[in-house]
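Beneath this line is the structure, given in C-alpha cells, with notes to follow.
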Amino acid sequence: MSLLHLRTIPDPVLRQKARRVTKIDDALQRLIDDMIDTMREANGVGLAANQVGVLQRVVVIEIPEEEEVRVLINPEIVRREGERVVDEGCLSIPGYRGELVRSLKVRARALDREGKPVRIKAEGLLAQALEHETDHINGTLYIDHLESADKLWKLQPQEAGARSEES
Ligand code: NI
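Next comes the structure, spelled out in C-alpha cells:
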C-alpha cells in the first residue's frame, strides 16, 4: 500500500467525468487500498478516484462513528429527500470551507469491492459524503453549489490543520 498524490484545484482531472468500472481486478484492489491509506493520512471522511488522478468511478468513505470503511464502485444517488444547510470542505480545495444546501436523506446504489451490488440509505454526514463523492466522479466540486461567493471562506492558519470531515 502506498500514499497517492492528492490533486488540488485547478488540476483539470477534478473537472473530468470518471468512467464506469467494468473490470474488478488486482489493479483496482490496489487502487482502493491506496485510496483508503491516502484518505486516512489526510484525515478525510471520503475520497474519490479523481482526487488521486484516476478517472474511474471509485469512492471510499469512512465516517468516524462507523466501524468499516465503505468502498463504492460506480455509485449512484437514486433518491434525494429534504434539504439542509451544511458547512463543507474538500481535500482538493485546501484552506477553505463553504456553506451549501445538501439533501437530508439519500439513497444510493453501488458495487462493493468484490463487485456485489449494495444499497445504502443514508442521512447526516454519510448522506453528505455520498453527495460530495458522487459529485467528484462527475467532475463537480462543492464550490459549484454555493449560492454566492460570500458563502466561501478562507480558514485561518490555526484552523486549517484542525478541520476534519473533509472529503
Ligand atoms: Ni472533496
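Per the numbering used here, the sequence shown starts with residue 310, numbered consecutively.
Note that beta-carbon positions come from the ideal geometry of N, C-alpha and C, so glycine has one too.
Restricting to Cα atoms, I'd like to know which of the options is closest to residue i.
{"i": "Glu377", "options": "Leu464, Leu435 and Ser311", "result": "Leu435"}
{"i": "Gln467", "options": "Ser476, Gly433, Gly404 and Val415", "result": "Gly404"}
{"i": "Ala431", "options": "Asp346, Leu312 and Glu385", "result": "Glu385"}
{"i": "Glu423", "options": "Thr317, Leu337 and Gln360", "result": "Leu337"}
{"i": "Ile452", "options": "His314, Gly433, Asp334 and Val395", "result": "Val395"}
{"i": "Gly362", "options": "Thr331, Leu312 and Lys460", "result": "Leu312"}
{"i": "Glu397", "options": "Glu374, Gln360 and His441", "result": "His441"}
{"i": "Arg329", "options": "Asp459, Glu350, Pro319 and Ala357", "result": "Ala357"}
{"i": "Lys414", "options": "Pro426, Ser401 and Glu390", "result": "Glu390"}
{"i": "Pro373", "options": "Val387, Lys326, Asn352 and Ser401", "result": "Asn352"}
{"i": "Leu420", "options": "Glu474, Thr331 and Val410", "result": "Thr331"}
{"i": "Asp444", "options": "Val368, Ala458 and Arg393", "result": "Val368"}
{"i": "Asp320", "options": "Asp343, Asn359, Pro426 and Ile382", "result": "Asn359"}
{"i": "Lys425", "options": "Gln325, Leu381 and Gln365", "result": "Leu381"}
{"i": "Arg411", "options": "Cys399, Asp335, Glu392 and Asp343", "result": "Glu392"}
{"i": "Gly433", "options": "Glu375, Ile402 and Ser457", "result": "Glu375"}
{"i": "Met310", "options": "Ser457, Asp335, Ser476 and Ala458", "result": "Asp335"}
{"i": "Leu364", "options": "Glu475, Val427 and Val322", "result": "Val322"}
{"i": "Val427", "options": "Asn383, Cys399 and Ile402", "result": "Asn383"}
Which residues does DSSP list as the beta-bridge partners of residue i?
{"i": "Asp396", "result": "Glu408"}
{"i": "Ala419", "result": "Val427"}
{"i": "Leu461", "result": "Gly407"}
{"i": "Lys326", "result": "Partner(s): none; Lys326 has no beta bridge."}
{"i": "Glu432", "result": "Lys414"}
{"i": "Glu475", "result": "Gly353 and Gly398"}
Could you name the residues of the same chain whose beta carbon sits closer than 6 Å to that of residue i, not counting the 5 residues immediately before and after it, in chain order?
{"i": "Ile370", "result": "Gly355, Arg379 and Ala438"}
{"i": "Ile429", "result": "Ala417"}
{"i": "Met348", "result": "Leu356 and Val369"}
{"i": "Arg388", "result": "Arg416"}
{"i": "Ile333", "result": "Gly424"}
{"i": "Lys326", "result": "Asn447 and Gly448"}
Less than 7 Å between C-beta atoms, sequence neighbours within five positions excluded: which residues of the same chain meet that for residue i?
{"i": "Leu461", "result": "Tyr405, Gly407, Ile452 and Leu455"}
{"i": "Leu409", "result": "Val395, Glu397, Tyr451, His454, Leu455 and Lys460"}
{"i": "Lys463", "result": "Gly404 and Tyr405"}
Any residue whose CB is nearer than 6 Å to a heavy atom belonging to ligand 1, listed in chain order: Cys399, Leu400, Ser401, His441, His445 and Ser476
Note down, one range per segment and in chain order, each beta strand (DSSP E) of at least 3 residues found wholly within the segment 328–395. 355–357, 367–370 and 379–390
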